[in-house]
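Numbering (the numbering used here), first residue to last: 152 to 489.
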């Protein structure tokens, strides 16, 4: 394969000749639109690199059997336990969460915080051994243990359930940062099991109530990030096999996905849920269990949202979900003045 690199360089050079010189001189950002065959050349380069054994790509490391490890946005630092919260930062977590929890409790609102573990956290054995763990505790481990010892608000820790189930099914996609349908279902079940302590009607449906569907293979986010077409993967979805009584409406607002659900059963609680992309597949499962639900995407290109939807909707339950690698943003989300 290495002897084909000169041919690749010639192809790149010829492609560059097709970019108008005025584009290069006047508007460099337009190269992406003007570079004929750019996508093909990127995938050709990435595919060649994979075939000759390259493993290190921007924000991605290639593990065994096409397992892609995300290294961006602090994800690999979380795995290595290379960064830690200070005692002051942990105290801020506790103070902000407890204050918000007390505020909601006084208004009759049940409050739940859910942190989605990074893929590397659930599958540390899939990370190449050359990437060493250098710290004692990850930031997620710090926060959960600190709140358990000092706080009134607990984080729903999904790690035990996901770790226990990963021997039966893979829970995250090999070529994506996100979990698959199995991971989404386990999370849905864990959330309702926790809420059922306060709302007995919120019993999760058994997995047998769903049909597991594998979609046509496609290029998922980490594979797309490195530009390869060699690692297509089938998305897995849990499709309900029961009569659904909830209606959904989705809108886009400022680059965010908002979903609203309605179930005619007024005996069910109302929900406001703040979520990120991990819950695109979880929210439709949860929606069946609530009278009215508002699912607000808290991350977008415009930054964090705020908690104004709680005042607007006056729900029975508020859930705030954050991914592990964004955990440091949780206090800012709760108390924007910080």
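Even glycine gets a Cβ: it sits at the ideal position worked out from N, Cα and C.
Starting from the C-beta of residue i, find all residues in its chain whose C-beta is less than 6 Å away, skip the five residues before and the five after it, and write them out in chain order.
i: residue 374; result: 326, 382
i: residue 378; result: 193, 194, 197
i: residue 527; result: The first residue shown for the chain is 152 and the last is 489, placing residue 527 beyond what the model contains.
i: residue 362; result: 390, 392
i: residue 267; result: 429, 474
i: residue 277; result: 214, 218
i: residue 253; result: none
i: residue 293; result: 236
i: residue 301; result: 245
i: residue 425; result: 447, 449, 471
What are the partner residues of residue i, as DSSP defines its beta bridges?
i: residue 403; result: 408
i: residue 470; result: 263, 424
i: residue 398; result: 413
i: residue 323; result: 330
i: residue 445; result: 411, 423
i: residue 219; result: 213
i: residue 388; result: 364
i: residue 484; result: Looking at the DSSP assignment, residue 484 forms no beta bridge with any residue, so it has no partner.
i: residue 226; result: DSSP, once it has assigned bridges, lists no residue as partnering residue 226.
i: residue 307; result: 265
i: residue 369; result: 384
With a threshold of 8 Å on Cβ separation, who are the neighbours of residue i within its own chain once the five nearest residues in sequence on each side are excluded?
i: residue 296; result: 288
i: residue 307; result: 263, 264, 265, 266, 341, 342, 345
Which whole-angstrom value describes the C-beta separation of residue i and residue j, a residue pair presumed to lie in contact below a C-beta threshold of 8 Å?
i: residue 290; j: residue 236; result: 6 Å
i: residue 419; j: residue 348; result: Their Cβ separation, rounded to whole angstroms, is 16 Å, which puts residue 419 and residue 348 out of contact at 8 Å.
i: residue 461; j: residue 423; result: 5 Å
i: residue 476; j: residue 269; result: 6 Å
i: residue 410; j: residue 401; result: 5 Å
i: residue 317; j: residue 273; result: 6 Å
i: residue 283; j: residue 228; result: Wrong, their Cβ atoms sit about 12 Å apart, outside the cutoff.
Label residue i either buried or exposed according to how many other C-beta atoms from any shown protein chain fall within 10 Å of its C-beta, with 16 as the threshold for buried.
i: residue 435; result: buried
i: residue 322; result: buried
i: residue 469; result: buried
i: residue 281; result: exposed
i: residue 376; result: buried
i: residue 384; result: buried
i: residue 212; result: buried
With a threshold of 8 Å between beta-carbons, can residue i be considered close to chain C, or not?
i: residue 385; result: Structure shown: chain C not included; a single protein chain is present.
Skipping 5 residues on each side, what residues in its chain have a beta carbon closer than 7 Å to that of residue i?
i: residue 455; result: 449, 480, 483, 484
i: residue 487; result: 457
i: residue 358; result: 336
(request) Could you tell me which uninterrupted beta strand (DSSP E) segments, each at least 3 residues in length, are contained entirely in the region 239–301, listed from first to last along the chain? (result) Uninterrupted beta strand (DSSP E) stretches at least 3 residues long and entirely within the region 239–301 occur at 261–267, given in chain order.
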